[in-house]
Amino acid sequence: MSVLLLAEPDEFARQALTFARGLGEVETVSIGADAGLPVERSHVAEGIDAYAPAAWATALEEVIDRVQPSAVVAPGTERGNEVLAHVAARRDIPFAANCIAVDGDTVTRVRWGGSLLEEARIHSPLPLLSVAPHAVPAAEGAASPEVETFTPTLSESDLVAAVAEHVDEVVSGISLAEAKVVVSGGRGVGSADGFGILEELAGLLDAAVGCSRVVTSAGWRPHTDQVGQTGTKVSPDLYIACGISGATQHIAGCKGAKKILAINSDAEAPILASADYAVIGDLTAIVPAITAELRKARSP
Ligand SMILES: Cc1cc2nc3c(=O)[nH]c(=O)nc-3n(C[C@H](O)[C@H](O)[C@H](O)COP(=O)(O)OP(=O)(O)OC[C@H]3O[C@@H](n4cnc5c(N)ncnc54)[C@H](O)[C@@H]3O)c2cc1C
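As structure tokens, then:
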């Protein structure tokens, strides 16, 4: 029996292909155009113009009914996880997200923002598995699959949620994901205006400014600045965490930093367990003091 892979033309689909090959012969399901993966057969759904999770799930389900695969795999991207969740809910079967390995009916998957590997047994007539990004190498090779196009039968409700418009992210200054230094602020910064002293320090260090989710939820900074499990994952040489407690969901986004400097008024704050350096005290005094020292050191 074959394995179906929901695929888009990207690196994550090639990683998921490597994983899926361990389960059987892979056929891809793509929406709009063939994803260009090195497989023997590709099913391409036509007539869906934009990303619409329920419509994609309907298209995938039609191929499942036709092919009767032994498993269905998708990349562990937001889209892959969302579409498989729709299929699982409709069929009332389990879905294991963010898997990195499978052995019989046992999957190993990434939990808690990467801080835990879980082994789970799946009891299902049709395992639905998404593959954690960057966990397995991408499959290489050019594609020349036999392409079968089809037009799924969609209902009105399949198109209720659909992408209406793409708006390019406005990145001013240094990108958070690529910055060598990140100056990040949490609730302890106190307000949107409180970020002024962090901006000033960041300017001197050619750094990007990041923040915790409390900060984006309060509207002090845009979501694009958020570091963490549901934000950007950063890997700078130095991550300066100002007034951030160090919740696991935040650490999931900054643990790739080579060094972490925590500035916190609480000597018991959990972030100190992850920090290489710490300054215990009020950030409104410490951050400007660092800035002043830097200016002094750099003045001729
Ligand atoms: C599903 C889920 C996903 C999540 N995803 C994310 C995510 O992607 N990113 C994220 O950040 N969070 C995320 N969270 C939220 C996370 O659990 C925490 O609530 C959040 O990170 C806490 O933010 P904080 O550290 O800014 O605030 P707090 O936990 O309130 O910490 C504030 C810190 O500031 C210190 N402080 C206060 N005043 C000062 C001062 N004057 N000087 C110095 N220090 C001071 C305090 O001692 C404290 O340590 C997620 C939560 C869930 C449930």
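60 is the number that the numbering used here gives to position 60 of the sequence shown; each next residue is one higher, with no gaps. Virtual Cβ for every residue (Gly too), placed ideally from N, Cα, C.
- Under a 10 Å Cβ-count criterion, residue 44 is classified as buried, with 16 or more other Cβ atoms of the shown protein chains found around its own Cβ.
- Residue 158 sits in a helix when the DSSP states are folded into three classes.
- Of the candidates 177, 27, 269, 223, 177 places its Cα closest to the Cα of residue 239.
- Every beta strand (DSSP E) of 3 residues or more that sits fully in the stretch 69 to 154 is shown, in chain order, as 71 to 75, 95 to 103, 106 to 111, 116 to 121, 128 to 131, 146 to 150.
- In the structure shown, residue 233 falls within a coil segment according to DSSP collapsed to helix, strand and coil.
- Rounded to whole angstroms, residue 186 and residue 101 show a C-alpha spacing of 36 Å.
- Counted as a single uninterrupted DSSP element, the alpha helix (DSSP H) harbouring residue 61 occupies residues 53 to 67.
- In this structure, the C-beta of residue 278 stays at least 8 Å away from each heavy atom of ligand 1.
- Between the C-alpha atoms of residue 213 and residue 167 there is a straight-line separation of about 22 Å.
- Each residue's CA atom was taken as its position, placing residue 206 and residue 272 some 25 Å apart.
- With a cutoff of 9 Å on beta-carbon distance, residue 121 and residue 8 are scored as not near each other.
- Here residue 210 carries a strand assignment [DSSP, helix/strand/coil].
- For residue 162, the closest of 87, 250, 57, 183 by C-alpha to C-alpha distance is 57.
- With the criterion CB distance below 5 Å from any heavy atom of ligand 1, the matching residues run 186, 187, 188, 212, 213, 214, 228, 229, 230, 231, 243, 244, 245, 247, 249, 250, 264, 265, 266, 269, 282, 283 along the chain.
- Nearest in C-alpha terms to residue 46, of all of 251, 31, 54, 132, is 31.
- Judged by DSSP secondary structure, residue 28 falls within the beta strand (DSSP E) whose first and last residues are 26 to 31.
- Between residue 27 and residue 67, the gap from beta carbon to beta carbon is short of 9 Å.
- Taken through DSSP and simplified to helix, strand or coil, residue 45 comes out as strand.
- When C-alpha distances from residue 63 are compared across 184, 5, 256, the shortest belongs to 5.
- Counted as a single uninterrupted DSSP element, the alpha helix (DSSP H) harbouring residue 196 occupies residues 196 to 204.
- Proximity to residue 254 across 12, 228, 204, 37 peaks at 228, based on C-alpha coordinates.
- In this structure, the straight-line span from the alpha carbon of residue 22 to that of residue 200 is close to 51 Å.
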